[in-house]
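Trainee: In our numbering, the protein residues as written are -9 to 619. The C-beta atom is built at its ideal place from N, Cα and C for all residues, glycine as well. Sharing a structure here in structure tokens format.
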Amino acid sequence: MSYQTEYDRSMKDPKGFWGDQAKALEWTKFPQTILTTDTDGIGHWFADGEMNTAYMALDYHVKNGRGDQTAIIYDSPVTNTKRKYTYSELTDEVARTAGMLADLGVVKGDRVIIYMPMIPEAVISMLAVARLGAIHSVVFGGFAPPELAQRIDDSTPKVILTASCGIEIKRVIEYMPLLNKAIDLSKHKPQSCVVFQRPQCNAPLVAGRDHDWATLLAKSKAVGCTSVKGSDPLYILYTSGTTGKPKGVVRENGGHAVALKYSMKAIYNVDAGDVFWAASDVGWVVGHSYIVYGPLLQGCTTIVYEGKPIMTPDAGALWRLISEYKVKSFFTAPTAFRAVKKEDPDALLMKPYDLSKLQVIFSAGERLDPPTQEWLTEKSGKTVVDHWWQTETGWGITANLWGVEPKPVKLGSSTLPTPGFDVRILDENGKQMAANEQGYIAIKLPLPPSCMNRVWGDDNKFRESYLQFLPGYYTTGDGGYIDSEGYVFVMGRVDDVINVAGHRLSTGEIEEVVAGHPAVAECAVIARDDDLKGQVPMGLVVLKSGVTIDDAVLQKELVNRVREAIGAITCYKDTVILKRLPKTRSGKTLRKTLNKIVNGQEYQVPSTIDDPGVIPEIIDILKQQGFVK
Ligand code: COA
Ligand code: AMP
């Protein structure tokens, strides 16, 4: 089958194409209606099908003879632990954990927040919630209490599942003080919290609210799978947009299972029994789709890695796991490769390992920069494939379909649109741009299965945020171009989203925190290019008149504020005090111009600028402090 035949069919006959893919799964009731579209083009996939995602990912395989195959490998260099769960063991554990949640009153449609490190219990929790037909919302362990509080208020969970601690290389991060603070801050209070006590830290429990995981689990009984509609939510995952408030992306059970199952073969070329590893965290969409659901729906072995690409113990960590577990398809973010390249430029730490089982290396989360792609290709001798996706889609919008027809790799391109995604480059009036011309990357509606069609708790938000700008299209927030052979080049966000080490954050949200400092009158937080992390935020601040504060003191206080409000993953470090910000005559800060200046790119001063004299003044200050040459 050629890529083109596959793609064309998905465009001409989406119902036939996705209806056929749905047959690869065992439904309680196969959907009669494959796709319906609203008047404004929003698609609803498999809405009347009945199913359970955890059944499809676990019980189905046990029933079909995979019970003794390894489902999960837990590899934790930070605790010196390695453990395997077969499909039978994992199914039993999930069924009992679901029983534990049922004992706490969790039923279909209830929300459960999971705030956990990379341990098997995080995966077990997700699947247990799914087994009950309830909705999980995983919050990345690196988020600070106010971020967790926002998610508690928005998703109003009945139960929160957590662990006593996470481990960042050698540092034990206690979770309970963070959780307690978040619950203090939130208006909504969960009925119960269940705490998985780890040997590295025993967390004190709050009487009447908290329960010890092991004690509850010991009393619980395995429960079966609750059937849900294809359109019922499986999970809510919050992601940064352009505003300070994260958006709750709703993922529906039906479309999600069908798209992920399809992608495992079509994109990653793995079959049941193969070992697939996505080195990410279950707190991100990559972790949801390709640590948990995708590989398990396909009957693969997946790896839960509690470690880093470097420092646990060294830059050979990724190669060690690939070799030890015979990984066939591997996937991580460019930052991880850049970190490895920096520590081990000659890839000497790759040499002791047998990577012969590895077919392809996939990268996503941010643009794979050509030097890193070239380095990795040369050192590993493998094909390195970039693919582009978002929390909103849950799987690749563009990719190299390794299981259909591998296409030649073009450096800097995330290859071709994935079946189901009608990717266009448009100008701000919705006019299609010619080949190689940069514009807004948009996707013609309806979107394929798995893509979001609503924001949790806000019926209009999806339309407002994604559909209004270019009617008939979903606006991705990314800009780029398509070349004459149809290859897509994603060049970066066209909004205020910043990508730090593959972690998506909002500069608007960081700005709110910086602007809240008592000495700060106003500020602009912009994304500065960074060799390791891709981008890092930088604060350009104007002090309140009459306020004097030592630069170093302000710097330190702002770093702490951002860490406490959002989390250390923000990597906010640099602040520059300016006399004033460049503004248009109507008072809008010229962030794009600032961005270009700080990143040493060519810029044009817009004609709408209030006072052009401000630009040389800012460049002078940035030069003095070594931020621009
Ligand atoms: N819980 C608590 N804190 C966390 C955390 C977590 N789960 N994850 C990160 N942090 C903290 C780190 O400890 C660090 O804190 P510090 O400033 O006090 O040292 C800070 O957040 C920044 O972390 P990180 O971005 O991981 O930077 P690093 O310098 O420690 O490590 C890399 C650099 C490249 C190794 C790391 O960024 C990495 O592994 N990146 C890959 C990211 C990835 O896989 N993304 C997947 C999305 S697809
Ligand atoms: P997230 O929702 O956290 O997965 O972040 C999605 C955003 O990350 C996208 O909108 C892009 O800006 C960026 N991104 C992810 N993968 C790629 C890629 N392969 N190339 C370029 N940008 C990417």
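Would you mind working out which of Gln22, Cys183 and Phe617 sits nearest Gly95, comparing C-alpha positions?
Mentor: If we check each option's Cα against that of Gly95, Cys183 comes out closest.
Trainee: Using only alpha-carbon positions, find the residue among Leu91, Gly498, Trp8 and Tyr463 that is nearest to Thr29.
Mentor: Closest option to Thr29, Cα to Cα, is Tyr463.
Trainee: How is the beta strand (DSSP E) around Asn489 delimited, first residue to last?
Mentor: Looking at the DSSP string, the run of the beta strand (DSSP E) that includes Asn489 is Val487 to Val490.
Trainee: In whole angstroms, give me the CA-to-CA distance for Leu678 and Pro409.
Mentor: In this structure the chain extends from -9 to 619, so residue 678 is not present and cannot be described.
Trainee: What are the uninterrupted segments assigned as alpha helix (DSSP H) that are 4 or more residues long and contained completely in the region 207 to 262, given in chain order?
Mentor: Listed in chain order, the complete alpha helix (DSSP H) runs (minimum 4 residues) inside the region 207 to 262 are 243 to 256.
Trainee: Would you check if there are 3 or more beta carbon pairs closer than 8 Å linking the region 45 to 57 to the region 77 to 87?
Mentor: Result yes; three or more Cβ-Cβ pairs closer than 8 Å.
Trainee: For Tyr64, report the span of its beta strand (DSSP E) as first-last.
Mentor: Taken as a continuous stretch (DSSP letters only), the beta strand (DSSP E) holding Tyr64 covers Thr60 to Ser66.
Trainee: Which residues bound the beta strand (DSSP E) around Met481?
Mentor: Run containing Met481: Val478 to Arg483, per the beta strand (DSSP E) assignment.
Trainee: Can Tyr105 and Ile157 be called in contact, C-beta distance under 9 Å?
Mentor: No, the pair does not count as a contact, with Cβ atoms beyond the cut-off.
Trainee: To the nearest angstrom, how far is the alpha carbon of Ser230 from that of Val260?
Mentor: Computed Cα separation, rounded: 31 Å.
Trainee: By the DSSP assignment, the alpha helix (DSSP H) with Tyr77 in it spans what residues?
Mentor: First-last of the alpha helix (DSSP H) with Tyr77: Tyr77 to Asp93.
Trainee: Taking the C-alpha atoms as reference points, what is the distance between Thr325 and Gly524?
Mentor: Their backbone Cα atoms lie some 7 Å apart in a straight line.
Trainee: Taking 8 Å as the line, does the beta carbon of Asn489 fall inside it for any heavy atom of the ligand AMP?
Mentor: Yes; taking the cut-off as 8 Å, the Cβ of Asn489 has a heavy atom of the ligand AMP nearer than that.
Trainee: What first and last residue would you give for the alpha helix (DSSP H) that runs through Pro606?
Mentor: Looking at the DSSP string, the run of the alpha helix (DSSP H) that includes Pro606 is Val604 to Gln614.
Trainee: Whole angstroms is fine: what's the gap from Val276's alpha carbon to Val537's?
Mentor: Taking the straight line joining both Cα atoms gives about 45 Å.
Trainee: For Gly245, verify whether its CB is less than 8 Å away from any heavy atom of the ligand COA.
Mentor: Gly245: no, Cβ never under 8 Å from the ligand COA.
Trainee: Mapping the DSSP letters down to three states, classify Lys53 as helix, strand or coil.
Mentor: Reduced to three states, the DSSP call for Lys53 is helix.
Trainee: Three Cβ pairs or more, each shorter than 8 Å: is that satisfied between the region 206 to 217 and the region 471 to 484?
Mentor: No contact exists between the region 206 to 217 and the region 471 to 484.
Trainee: Please say whether Asp144 and Pro285 have beta carbons closer to each other than 9 Å?
Mentor: Contact: no.
Trainee: Going straight from the alpha carbon of Trp378 to that of Gly198, what length do you get?
Mentor: Distance between the alpha carbons of Trp378 and Gly198 is about 45 Å.
Trainee: Taking the C-alpha atoms as reference points, what is the distance between Thr373 and Ser319?
Mentor: If you take the alpha carbons of Thr373 and Ser319, they lie about 11 Å apart.
Trainee: Along the alpha helix (DSSP H) that carries Val552, what are the first and last residues, could you check?
Mentor: Start and end: Asp541 to Ala555.
Trainee: Tell me the rounded alpha-carbon separation between Gly429 and Ile293.
Mentor: Looking at the two C-alpha atoms, the distance is approximately 38 Å.
Trainee: Take every Cβ of the region 503 to 513, pair it with every Cβ of the region 418 to 433, and state whether three or more of those distances are shorter than 8 Å.
Mentor: They do not touch, by the three-pair rule.
Trainee: What does the alpha-carbon distance come out to for the pair Pro147 and Lys179?
Mentor: C-alpha separation (whole angstroms): 8 Å.
Trainee: Taking only the alpha-carbon atoms, compute the straight-line gap between Gln545 and Ile415 and give it to the nearest angstrom.
Mentor: So the alpha carbons of these two residues sit roughly 40 Å apart.
Trainee: Who does Met41 pair with in a DSSP beta bridge?
Mentor: Answer by DSSP bridge pairing, in chain order: Val218.
Trainee: Going by CA-CA distance only, name the one from Ala120, Gly384 and Pro335 that's closest to Thr367.
Mentor: Of the listed residues, the one whose Cα sits closest to Thr367 is Pro335.
Trainee: Can you give the beta carbon distance from Lys534 to Ala511, rounded, assuming they're within the 8 Å contact cut?
Mentor: About 4 Å; that satisfies the 8 Å criterion.
Trainee: If you draw a straight line from the alpha carbon of Leu311 to that of Val394, how long is it in whole angstroms?
Mentor: Whole-angstrom Cα-Cα distance: 27 Å.
Trainee: Is it right to say Ala204 is buried, meaning 16 or more other beta carbons lie within 10 angstroms of its own, or is it exposed?
Mentor: Burial call: exposed.
Trainee: Nearest-angstrom Cα distance between Thr87 and Phe186?
Mentor: When rounded, the distance between both Cα atoms is 12 Å.
Trainee: Smallest Cα separation from Trp17: which of Gly6, Leu168 and Ala37?
Mentor: Selected option, being the one with the closest Cα: Ala37.
Trainee: Between Ala329 and Gly482, what straight-line distance do the alpha-carbon atoms span, to the nearest angstrom?
Mentor: Using only the alpha carbons, I get a separation of about 21 Å.
Trainee: Quick one: grab the DSSP three-state call for Phe411.
Mentor: Three-state result, Phe411: coil.
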